[in-house]
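Residue numbers (the UniProt record's numbering): 1 to 736.
For reference, the structure discussed in these notes is given below.
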């Protein structure tokens with residue numbers, strides 16, 4: 001049974017602000033796991049990392065936490081799916097902060113082409129001893145049996161094994177392990193599509209030792225096809241419509257065609273055998289045969305060109321030709337066996353690959369590095385190394401990491417970078433390519449017309465103003481000589497007050513109270529409206545402005561936000577109580593997971609409220625009933641569902657304590673410019689949310705998805721970013 005990966009993270013209050021280094025730490029572990037001596041992140045925990053189906057990072061270019069909450073109602077999918085959120089410190093070089101920097105890999109003597117035979121490209125014999133191929137196989141030529149995978153190697157590389165729990169129902173080829181150095185070689189390759197079941201075979205090719213095609217058959221999948229992956233597989237719906245052949249037919253034919261001592265050859269052959277649901281004991285995997293350091297692998301396309309001088313998987317063709325790929329893998333194995341490890345090591349494949357990548361980067365550099373991206377200007381002058389890049393280690397999957405976007409993101413040549421002209425094109429490519437990659441970065445953008453610095457400033461002022469209104473309540477009317485101390489005490493039981501002033505413009509006095517947390521203002525409206533305070537029956541309401549007309553809708557959606565599930569707000573605490581005191585007092589509440597006691601970020605003093613996070617929603621509901629009216633140390637407690645318990649609490653505090661530095665004439669000019677484009681911006685944000693929803697739904701279960709609003713860090717000022725993350729489960733939501 002498949003192990004369900006899940007994620008845990010304590011992201012309440014101060015712990016919800018994550019640095020770029022911590023984000024890098026998460027992505028590196030998710031991508032590489034313990035196999036590369038990578039440690040679990042310090043701030044969250046990924047359970048069963050080795051069972052992750054992939055990692056998908058969605059970057060919303062040039063957008064910040066500010067944008068998410070300005071257009072909170074438009075981001076309907078994001079706020080309902082991703083349980084874990086964090087404030088992200090902005091970076092001047094965001095791509096490097098994601099995956100690290102590379103050292104200069106430019107060789108001293110770069111060959112002009114992959115077929116270069118210059119003696120300068122041939123390593124010295126002393127260098128050969130350090131080559132991974134020599135270290136693995138030795139320098140002498142050996143027979144083919146020396147290059148077949150052992151049982152342990154097959155287990156390590158996810159090959160179907162007889163009796164393995166994950167191979168129940170798999171068909172054995174019934175070939176034995178009595179292979180010899182004269183056993184026949186057969187090249188095998190499959191094309192797959194993505195179905196409701198997972199990867200299923202749509203085409204199978206088998207070639208013999210002379211390269212003759214013995215089998216080239218289309219196969220109809222058993223389950224509903226989700227993605228034909230036409231660009232890679234070449235398979236279309238129309239092609240499969242008349243096909244009657246099923247997987248069981250192919251399994252029978254392969255069993256009949258393969259002799260008892262057959263050795264199957266393929267590139268990452270484990271994927272083909274898993275899709276065929278077949279077990280075969282004797283295999284040569286060319287992605288492992290041409291060994292590299294740190295578990296990386298060469299791509300079949302590169303090996304065919306560098307070793308055989310053949311061009312395969314040409315972009316002009318629609319999809320890969322499995323017969324061509326099977327034949328290429330077979331010939332690579334034959335070359336290795338005939339020439340021996342030393343001759344193969346002398347090809348210096350690493351340097352050839354580096355030269356090829358540098359040529360690609362040089363060719364695309366003008367396109368991949370738009371003005372203002374902040375990447376290094378010269379490949380031979382790298383910036384100081386701060387974090388090692390982990391993307392090159394991801395070739396353990398047999399392919400490069402994937403990058404799709406409208407802006408240049410990768411200057412290292414490591415990614416399959418594809419620039420598209422619209423978000424729609426990016427989505428279409430992502431739906432095809434993401435299932436084929438272990439690590440993907442998908443970059444969406446609203447377009448340059450919405451990224452101007454003056455619009456950022458105007459947006460900031462609008463959000464700050466609305467938050468201030470939501471934190472503010474008006475209460476009254478009171479008698480002329482009412483007791484202000486009684487009013488402050490009563491309203492203070494709802495939560496920490498930032499300011500309290502008397503409104504004198506009215507016939508009878510009112511008070512204006514601005515709270516520090518949203519829950520306090522909402523609790524005051526809910527519990528004190530119509531109550532008798534300081535001898536008067538009062539009305540409690542928020543300011544009535546155009547921006548506040550959707551306040552009730554916003555409050556309701558915040559309450560239903562998946563981040564706030566199982567979290568309640570408790571007010572009326574005595575400031576003398578410590579976190580230890582509260583832990584002890586609340587210990588009787590069932591399934592209490594975390595307690596967060598907010599504090600003033602300037603003075604460090606605790607406020608008179610706290611947040612309680614429970615393991616499930618029902619326990620939170622039960623706790624609400626128990627706490628309301630509960631007296632603790634002589635103080636009556638009030639509680640309600642949380643609205644901003646996580647990263648939002650800290651951000652609101654910072655916004656609430658910031659003051660606009662620009663003159664009013666500049667502010668109004670910005671507001672006027674912003675209002676012209678904001679309606680269109682809402683539509684674009686809504687569509688962007690829909691695109692991310694569509695991409696997320698296409699992901700396989702057990703895929704870690706991280707959505708990043710990188711934030712803004714420029715000479716015009718900075719805005720914090722926002723991260724949302726989760727591991728997709730069977731219900732399409734992010735697992736805890």
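Yeah, the Cβ is synthetic: ideal placement off N, Cα and C, and Gly gets one too.
Q. With a CB to CB cut of under 8 angstroms and the five nearest residues on each side skipped, what residues in its chain are close to residue 575?
A. 605, 606, 607 and 608
Q: Taking all protein chains shown into account, decide if residue 617 is buried (16 or more other Cβ within 10 angstroms of its Cβ) or exposed.
A: exposed
Q) Would you say the region 253-270 touches the region 222-241, given that touching needs at least three Cβ pairs under 8 angstroms? A) no
(Q) According to DSSP, residue 726 sits in a beta bridge with which residue or residues? (A) 705
Q.
Could you check whether the region 264-284 touches the region 188-196, counting it as contact only if at least three pairs of C-beta atoms, one from each stretch, sit closer than 8 angstroms?
A. yes
Q: Mind reading off the beta-carbon distance from residue 94 to residue 710? Whole number of angstroms is fine, and I expect it under 8 angstroms.
A: 5 angstroms
Q.
Buried or exposed for residue 438, going by 16 or more other Cβ atoms inside 10 Å?
A. buried
(Q) With the cut-off set at 7 angstroms, would you say residue 138 and residue 181 are in Cβ contact? (A) no
Q | Contact check, residue 246 vs residue 322, beta carbons under 7 angstroms | A | no
Q: Output the residue ranges of the beta strand (DSSP E) runs that lie fully inside the region 205-260 and measure 3 residues or longer, sorted by chain position.
A: 213-218 and 225-227
Q) Any chance the region 324-336 sits against the region 283-291, with 3 or more Cβ pairs inside 8 angstroms? A) yes
Q: May I ask you to report which of helix, strand or coil DSSP gives residue 194?
A: strand
Q: Can you give me the Cβ contacts of residue 105 inside the same chain, cut-off strictly under 7 angstroms, excluding the 5 residues immediately before and after it?
A: Any reading at residue 105 must be qualified, since the residue scores a pLDDT of 38, below 50, and its modelled position is unreliable; the value itself is stated next. Taken in chain order, the residues that qualify are 354.
Q | Separation of residue 57 from residue 695, as counted between CA atoms | A | 11 angstroms
Q) Among the residues of its own chain, which have a CB less than 6 angstroms from the CB of residue 39, if the five just before and after it don't count? A) none
Q. Hey, residue 643 and residue 558: beta-carbon distance below 7 angstroms or not?
A. yes
Q | Rounded distance between the beta-carbons of residue 78 and residue 692, thought under 8 angstroms | A | 7 angstroms
(Q) Quick check on the DSSP output: the beta strand (DSSP E) that includes residue 593 runs from which residue to which? (A) 592-596
**Q.** Coarse secondary structure for residue 775, derived from DSSP in three states
**A.** No statement about residue 775 is possible, as the shown extent of the chain runs from 1 to 736 and does not include it.
Q) In chain order, what residues of the same chain have a beta carbon less than 6 angstroms from the beta carbon of residue 541, not counting five sequence neighbours either side? A) 474
Q. Which residues share a DSSP beta bridge with residue 613?
A. 567 and 594
Q. Over what stretch of residues does the alpha helix (DSSP H) that includes residue 552 continue unbroken?
A. 551-560
Q) Buried or exposed: residue 537, going by 16 or more other Cβ atoms within 10 Å of its Cβ? A) exposed
Q. Which value, in whole angstroms, describes the spacing of the CA atoms of residue 445 and residue 629?
A. 49 angstroms
Q: Find out if the Cβ-Cβ distance for the pair residue 194, residue 226 is shorter than 7 angstroms.
A: yes
Q.
Spatial neighbours of residue 178 within its chain, please: C-beta separation below 8 angstroms, excluding the five flanking residues on both sides.
A. 260 and 261
**Q.** Three-way DSSP call (helix, strand, coil) for residue 63 in this model
**A.** coil
Q: Please confirm whether residue 534 and residue 503 have their CB atoms less than 7 angstroms apart.
A: no
**Q.** Of the residues 70, 9, 248 and 91, the one placed nearest residue 678, counting alpha carbons only
**A.** 70
Q | Three-state secondary structure assigned by DSSP to residue 263 | A | strand
**Q.** Under 7 angstroms between C-beta atoms of residue 471 and residue 510
**A.** no
Q | Helix, strand or coil at residue 33 according to DSSP, with G and I counted as helix | A | helix
Q | Member of 263, 501 and 296 whose CA lies at the smallest distance from the CA of residue 147 | A | 263
Q) What are the residues that DSSP puts in a beta bridge with residue 292? A) Note: residue 292 sits in no beta bridge, so no partner.
Q) I think residue 273 touches residue 160, with their Cβ atoms under 8 angstroms apart; what is that distance to the nearest whole Å? A) 5 angstroms
Q. Helix, strand or coil: which one does DSSP assign to residue 544?
A. coil
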